[in-house]
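For the sequence shown, the numbering used here assigns the number 4 to the initial residue and increments by one for each residue that follows.
In what follows, a single structure is set out as structure tokens and then discussed.
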Amino acid sequence: DYFVSGRNYGESFLILSYPSKGGAEFISTLRKLGCEIFLGIDLYALNGEEQADFDRTLEKHYNRRIPAREAGENVNLSMGIAVVCDSLDAVRIVEQTLSAVAARNGFLLTPAYGMQKKYYYSLSSFGMEDAKIMRNTDAGTVMQMLGGEAYEDAAFEV
Numbered sequence: 004d005y006f007v008s009g010r011n012y013g014e015s016f017l018i019l020s021y022p023s024k025g026g027a028e029f030i031s032t033l034r035k036l037g038c039e040i041f042l043g044i045d046l047y048a049l050n051g052e053e054q055a056d057f058d059r060t061l062e063k064h065y066n067r068r069i070p071a072r073e074a075g076e077n078v079n080l081s082m083g084i085a086v087v088c089d090s091l092d093a094v095r096i097v098e099q100t101l102s103a104v105a106a107r108n109g110f111l112l113t114p115a116y117g118m119q120k121k122y123y124y125s126l127s128s129f130g131m132e133d134a135k136i137m138r139n140t141d142a143g144t145v146m147q148m149l150g151g152e153a154y155e156d157a158a159f160e161v
């Protein structure tokens, strides 16, 4: 599955699962791939009531109590990636590389089947088109992934 934009070919991806720890190298590795990549990150902080609802839903689903030490702070996170190349062969090579990089860093990456162009437009239109899949993710993992304390000008609060 791919899309065509002008003379370029591309493919859009969704990240459906995030690592429980680490993932800090993922974004910096993407920057080194050598092709045009659009990365979109949407964050939505959960308030206390939403966090409690999420924890109760997990308890019901798994039919067990979540100890207070396991129930951490979560944020709602969506990551989308679109790659744009000058040929379809280049898109396939980047897809294989991107899949390997994602798997090595603990991310579950999947093509945006049936929504290739919509995700590309969502990432490149500054919000005029909107496509995302939000997942509850541990706030500590998101801080590690986005640089956390490593950069003085990076700020992340829940």
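Beta carbons are placed, not taken as given, at the ideal position from N, Cα and C, and that holds for glycine.
Keep in mind that this is a model prediction, so the values were computed, not measured.
Problem - Residue from Arg34, Ser15, Asn50 and Thr113 whose Cα sits closest to the Cα of asparagine 139 - result: The shortest C-alpha separation from asparagine 139 is found at Asn50.
Practice task
With DSSP collapsed to three states, give me the class of tyrosine 5.
Solution key: In the structure shown, tyrosine 5 sits in coil (DSSP, three-state: anything other than H, G, I, E or B).
Exercise for the section: Please determine if the segment 52-62 and the segment 98-115 are in contact, where contact requires at least 3 C-beta pairs separated by less than 8 Å. Expected result: Output reads no: the segment 98-115 does not touch the segment 52-62.
Practice task
Tell me whether alanine 93 sits in a helix, a strand or coil according to DSSP, three-state version.
Solution key: Helix at alanine 93.
Handout entry: Cross-strand partners of phenylalanine 16 (DSSP beta bridge)
Key = Per DSSP, the beta-bridge partners of phenylalanine 16 are Ile84 and Pro114.
Problem - Secondary structure of aspartate 133, DSSP reduced to three states - result: DSSP places aspartate 133 outside both helix and strand once states are collapsed to three, so it counts as coil.
Exercise for the section: State yes or no: is the C-beta of asparagine 108 within less than 8 Å of the C-beta of glutamate 28? Expected result: Yes, these two residues count as a Cβ contact at 8 Å.
Exercise for the section: Give the straight-line distance between the Cα atoms of valine 161 and glutamate 53, rounded to the nearest whole angstrom. Expected result: Low confidence applies here, because valine 161 scores a pLDDT of 47, under 50, leaving its location unreliable and the question unanswered by this model.
Problem - Bridge partners - threonine 140, DSSP secondary structure assignment - result: Per DSSP, Val78.
Practice task
Excluding the 5 residues preceding and the 5 following valine 7 in the sequence, name in chain order all residues of the same chain whose CB lies nearer than 7 Å to its CB.
Solution key: Shown here for valine 7: not one same chain residue has a beta carbon closer than 7 Å to its own, the five before and five after excluded.
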